[in-house]
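*Asks:* Chains as they are written, first to last, in this note's numbering: chain A, 1 to 358; chain B, 359 to 639.
Cβ atoms here follow ideal geometry from the backbone N, Cα and C, with glycine treated the same way.
This one's a predicted model, so the numbers in the text were calculated from it and none came from an experiment.
(1) I'd like to know if the segment 463 to 481 of chain B and the segment 414 to 425 of chain B are in contact, where contact means that at least 3 CB-CB pairs between them fall below 8 Å.
(2) DSSP beta-bridge partners for residue 312 of chain A?
(3) With the cut-off set at 7 Å, would you say residue 285 of chain A and residue 349 of chain A are in Cβ contact?
(4) Find out if the Cβ-Cβ distance for the pair residue 4 of chain A, residue 23 of chain A is shorter than 7 Å.
(5) Which of the three DSSP states is assigned to residue 485 of chain B in this structure?
(6) Among B/566, B/593, B/582, B/595, whose alpha-carbon lies nearest the alpha-carbon of residue 615 of chain B?
(7) State the Cα-Cα distance for the pair residue 293 of chain A and residue 77 of chain A, rounded to the nearest angstrom.
(8) Just tell me which of B/516, B/449, B/581 has its CA closest to the CA of residue 501 of chain B.
(9) Using a Cβ-Cβ cut-off of 7 Å (strictly less than) and excluding sequence neighbours within five positions of residue 19 of chain A, which residues of its own chain qualify?
(10) What is the rounded straight-line gap between the Cα of residue 450 of chain B and the Cα of residue 512 of chain B?
(11) Please list, in chain order, all residues of the same chain as residue 260 of chain A whose beta carbon is under 6 Å from its beta carbon, the five residues on each side excluded.
(12) I'd like to confirm the pairing. Which residues does DSSP put opposite residue 276 of chain A in its beta bridges?
(13) Quick one: what's got a C-beta closer than 8 Å to residue 324 of chain A's C-beta in the same chain, skipping five residues either side?
(14) Taking residue 118 of chain A and residue 91 of chain A to be in contact with their CB atoms under 8 Å, please state how far apart those CB atoms are, rounded to whole angstroms.
(15) Do the segment 135 to 155 of chain A and the segment 174 to 193 of chain A meet, that is, are 3 or more Cβ pairs less than 8 Å apart?
(16) So, is the C-beta of residue 538 of chain B closer than 7 Å to a C-beta in chain A?
(17) Please report the residue range of the beta strand (DSSP E) in which residue 219 of chain A lies.
(18) For residue 392 of chain B, is the classification buried or exposed, using 16 other Cβ atoms within 10 angstroms of its Cβ as the cut-off for buried?
(19) Using a threshold of 7 Å, state whether the C-beta atoms of residue 503 of chain B and residue 579 of chain B are closer than that.
(20) Could you tell me which of A/275, A/140, A/334 sits nearest to residue 250 of chain A, measuring between CA atoms?
(21) Return the bridge partner residues of residue 536 of chain B from the DSSP annotation.
(22) In chain order, which alpha helix (DSSP H) runs of at least 4 residues are fully inside the segment 400 to 478 of chain B?
(23) For residue 190 of chain A, write down the residues that DSSP places opposite it in a beta bridge.
(24) Taking 7 Å as the CB-CB cut-off, is residue 395 of chain B touching chain A?
(25) To the nearest angstrom, report how far apart residue 281 of chain A and residue 320 of chain A are at their CA atoms.
(26) Within a Cβ cutoff of 7 Å, which residues of the same chain sit near residue 442 of chain B, ignoring the five residues on either side of it in sequence?
(27) Would you say residue 142 of chain A faces chain B, with C-beta separation under 7 Å as the test?
(28) Just checking, does the segment 70 to 84 of chain A make contact with the segment 522 to 540 of chain B on the three C-beta pairs under 8 Å criterion?
(29) Measure the alpha-carbon distance for residue 635 of chain B versus residue 135 of chain A and round it to whole angstroms.
(30) Just how far apart, CA to CA, sit residue 362 of chain B and residue 558 of chain B?
(31) Grab me the residues of residue 154 of chain A's own chain with a C-beta within less than 8 Å of its C-beta, minus the 5 sequence neighbours each way, in chain order.
(32) With a cut-off of 8 Å, do at least 3 Cβ pairs link the segment 585 to 601 of chain B to the segment 523 to 530 of chain B?
(33) What is the DSSP secondary structure of residue 105 of chain A, reduced to helix, strand or coil?
(34) Pick helix, strand or coil for residue 346 of chain A, following the three-state DSSP scheme.
(35) For a minimum of 4 consecutive residues, which ranges assigned as the alpha helix (DSSP H) are wholly contained in the segment 65 to 133 of chain A?
(36) Can you look up residue 526 of chain B in the DSSP assignment and give me helix, strand or coil?
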């Protein structure tokens with residue numbers, strides 16, 4: 001796979017804030033790339049810099065082999081789908097979709113017949129048949145999302161940036177649009193860069209998942225690698241499925257204020273920030289007096305509450321320093337014993353299941 | 359004080375306010391139907407008639423009361439207001455557009471623009487007359503007075519457009535750019551249609567302010583009078599109800615303008631609704 005976009009050492013500051021702090025990034029051609037970042041990580045700034053709405057303070061942007069730092073947004077051939085859709089409120093659905101094709105600077109389509117055919121094809125592609133003459137204020141959120149997408153795709157950009165495109169939709173629709181977006185992208189054969197703050201969305205949608213942390217790409221890998229082998233404690237935190245501990249490595253243990261966790265055989269990962277992470281679903285809850293095996297780690301905590309979600313139960317414990325510790329039990333594997341609120345339990349996991357960062 | 363008492367007091371206050379606001383207009387309207395030519399601008403009404411309206415258009419037999427010398431003044435005022443409206447609105451829209459981004463000296467520029475509506479009109483008018491004298495420029499309603507009208511109405515148009523653009527969602531423009539559409543075309547096809555209601559308001563402001571501008575015009579317009587000056591001129595001799603009749607007609611004209619404005623304003627909303635209705639039918 002060749003690269004469609006390459007960013008090198010891109011910087012952008014707002015006053016004292018480093019929105020982008022020497023960011024490097026390579027996007028492959030014809031792929032669905034998900035960019036995961038918590039709010040404030042600079043993900044919207046990154047998209048706006050790529051689209052040309054913001055000028056980076058330093059660094060280079062190479063798009064299809066050409067440097068584009070100084071190129072105006074309308075000459076970049078990069079599409080942008082806004083979180084609020086930003087449809088043209090005074091135009092009908094069909095006119096919204098036709099707008100770019102009809103009015104663009106380079107190679108506009110002026111023949112009404114060709115325009116009509118192209119719009120019709122695009123309307124069919126995104127599933128908006130029969131709504132062409134509606135005002136965009138008279139259609140539902142999901143339909144607006146499709147108009148926004150169709151309007152961009154009809155101009156056939158080589159790269160489409162999507163800024164939290166599902167954020168404004170309700171949960172039900174969001175699930176459906178995930179599949180649709182992937183299917184539409186495959187039919188068009190362009191690269192989508194989909195920015196999201198939701199880890200499940202990023203993992204579900206990205207052929208490649210990028211994790212943005214403090215203005216830098218903290219990890220770029222496929223979903224499975226990101227989920228199972230986060231590169232740093234920060235990445236693990238964004239995934240929202242790891243209990244994290246700060247501390248230091250000492251001999252064969254990870255020392256933190258609550259306890260010293262004995263380590264397994266794995267070599268600690270170098271990440272620049274020491275940390276210890278154990279996944280929610282790799283933890284067993286046992287009575288205090290039950291024995292611990294040699295390859296296990298044990299930590300005591302007070303049970304607070306649990307949350308039933310159908311396929312699993314998430315139990316919340318308070319550690320002795322007041323922090324929350326979460327355990328996820330999949331009901332298809334075990335049916336956990338009922339836990340007594342405000343009682344103490346032993347939380348046990350295998351040494352080798354933990355991720356240790358140095 | 360209980361709340362119904364407060365309500366009552368405020369109601370009375372508001373009613374009184376409205377009475378004082380509109381009483382002069384009502385009196386003017388009533389007196390315009392005084393009989394003529396012997397009836398004057400005072401109560402009681404001797405006999406109801408439309409004499410003064412006919413007098414205005416020269417349909418009455420000649421009498422000792424001369425017709426209002428306003429034909430040419432009306433024409434001048436209308437032309438001047440339309441010119442002012444166009445120039446002020448164009449200036450207001452473009453400078454408000456410029457103020458969407460902070461630029462060096464934007465604070466100073468803002469106050470310089472707004473100053474035009476804050477300085478007393480008499481002073482500016484007098485100042486313009488002096489400058490014109492010093493520079494040897496002839497004073498005309500279409501020259502010196504026109505410049506002052508623009509200086510005066512431009513800040514209003516500018517402030518209206520500033521408020522409109524403040525609420526404007528710039529992502530719509532960015533969306534158009536990202537589709538490959540140039541900023542100029544984006545402004546024409548997207549921004550302008552969306553801010554058009556605001557542009558109409560700015561035009562209305564500029565027109566009405568210019569149409570009845572007095573103090574600036576008094577000194578700057580030279581020998582050809584605009585409508586407010588011509589009407590004022592007739593007061594210095596003797597006031598007849600024909601001025602009131604003219605006032606009523608002007609008011610009706612203003613309401614007609616407002617009606618056009620309202621119609622244009624609702625048109626875009628209607629259109630959106632009609633599309634939806636057709637779809638459902």
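*Replies:* This is what the structure holds:
(1) no
(2) Taking the first residue of the first chain as 1, we reach residue 312 of chain A at position 312. A/330, per the DSSP bridge assignment.
(3) Sequence index remark: in the first chain, residue 285 of chain A carries index 285 (1-based). Sequence index remark: in the first chain, residue 349 of chain A carries index 349 (1-based). It is not a contact, given that the beta carbons lie outside the stated cut-off.
(4) Counted from its first residue, the first chain places residue 4 of chain A at position 4. Counted from its first residue, the first chain places residue 23 of chain A at position 23. Not a contact, by the Cβ cut-off of 7 Å.
(5) Position 127 of the second chain, counted from the first residue, corresponds to residue 485 of chain B. Helix.
(6) As a position in the second chain, residue 615 of chain B is number 257, starting the count at 1. Measuring from the Cα of residue 615 of chain B, the nearest candidate turns out to be B/566.
(7) Within the first chain, residue 293 of chain A is the residue found at index 293, counting from 1. Within the first chain, residue 77 of chain A is the residue found at index 77, counting from 1. Residue 293 of chain A and residue 77 of chain A: Cα-Cα distance of roughly 60 Å.
(8) Working through the second chain from its first residue, we reach residue 501 of chain B at position 143. It is B/581.
(9) Translated into the one-based positions of the first chain, residue 19 of chain A becomes position 19. Excluding positions up to five away in sequence, the list reads 12, 13, 42, 45, 215.
(10) By one-based count along the second chain, residue 450 of chain B stands at place 92. By one-based count along the second chain, residue 512 of chain B stands at place 154. Whole-angstrom Cα-Cα distance: 6 Å.
(11) As a first step, residue 260 of chain A must be located in the first chain, where it is residue number 260. Excluding residues within five positions, the ones whose Cβ falls inside 6 Å are 253.
(12) As a working mapping, residue 276 of chain A is identified with position 276 in the first chain. Residue pairing by DSSP places residue 276 of chain A opposite A/245, A/356 in a beta bridge.
(13) Taking the first residue of the first chain as position 1, residue 324 of chain A is located at position 324. Same-chain partners within the cutoff: 304, 316, 317, 318.
(14) Residue mapping note: residue 118 of chain A aligns to position 118 of the first chain, counting from 1. Residue mapping note: residue 91 of chain A aligns to position 91 of the first chain, counting from 1. With 8 Å as the limit, residue 118 of chain A and residue 91 of chain A do not qualify as a contact, their Cβ atoms being about 16 Å apart.
(15) Result yes; three or more Cβ-Cβ pairs closer than 8 Å.
(16) Working through the second chain from its first residue, we reach residue 538 of chain B at position 180. Yes - at least one Cβ of chain A is within 7 Å of the one on residue 538 of chain B.
(17) For this step, residue 219 of chain A is matched to residue 219 along the first chain. Residues 216 to 221.
(18) Taking the first residue of the second chain as position 1, residue 392 of chain B is located at position 34. Residue 392 of chain B should be labelled buried.
(19) Position 145 of the second chain, counted from the start, is the residue given in the question as residue 503 of chain B. Position 221 of the second chain, counted from the start, is the residue given in the question as residue 579 of chain B. Between residue 503 of chain B and residue 579 of chain B, the C-beta spacing is below 7 Å.
(20) Locating residue 250 of chain A in the first chain gives position 250, counting from the first residue. When each option's Cα is compared against that of residue 250 of chain A, the closest is A/275.
(21) Residue 536 of chain B sits at position 178 when you count from the first residue of the second chain. The partner list for residue 536 of chain B (beta bridge, DSSP) is empty, contrary to what the question assumes.
(22) 409 to 414, 429 to 456, 464 to 476
(23) For this step, residue 190 of chain A is matched to residue 190 along the first chain. Looking at the DSSP output, residue 190 of chain A shares a beta bridge with no other residue.
(24) Along the second chain, read from residue 1 onward, the residue named residue 395 of chain B stands at position 37. Not one chain A Cβ lies under 7 Å of residue 395 of chain B.
(25) The residue given as residue 281 of chain A occupies position 281 in the first chain. The residue given as residue 320 of chain A occupies position 320 in the first chain. Cα to Cα, the separation comes out at about 21 Å.
(26) The residue labelled residue 442 of chain B in the question sits at position 84 within the second chain. Answer for residue 442 of chain B: 504, 507, 508, 511, 564, 568, listed in chain order.
(27) For this step, residue 142 of chain A is matched to residue 142 along the first chain. Not one chain B Cβ lies under 7 Å of residue 142 of chain A.
(28) The segment 70 to 84 of chain A is in contact with the segment 522 to 540 of chain B.
(29) For this step, residue 635 of chain B is matched to residue 277 along the second chain. For this step, residue 135 of chain A is matched to residue 135 along the first chain. With a pLDDT of 49 at residue 635 of chain B, under the threshold of 50, the modelled position of this residue cannot be trusted; read the value that follows with caution. Looking at the backbone, the Cα of residue 635 of chain B and that of residue 135 of chain A are separated by about 10 Å.
(30) Locating residue 362 of chain B in the second chain gives position 4, where the first residue counts as 1. Locating residue 558 of chain B in the second chain gives position 200, where the first residue counts as 1. Looking at the two C-alpha atoms, the distance is approximately 41 Å.
(31) Here residue 154 of chain A is taken as the residue at index 154 of the first chain, counted from 1. Sequence-distant partners of residue 154 of chain A (beyond 5 residues in either direction) whose C-beta falls short of 8 Å from its own C-beta, in its chain, are 97, 98, 100, 101, 118, 119, 122.
(32) no
(33) Position 105 of the first chain, counted from the first residue, corresponds to residue 105 of chain A. Coil, per DSSP.
(34) Stepping through the first chain from its first residue, residue 346 of chain A is reached at position 346. Of the three classes helix, strand and coil, the one that applies to residue 346 of chain A here is strand, per DSSP.
(35) 93 to 103, 112 to 126
(36) If you number the second chain from 1, residue 526 of chain B lands on position 168. In the structure shown, residue 526 of chain B sits in coil (DSSP, three-state: anything other than H, G, I, E or B).
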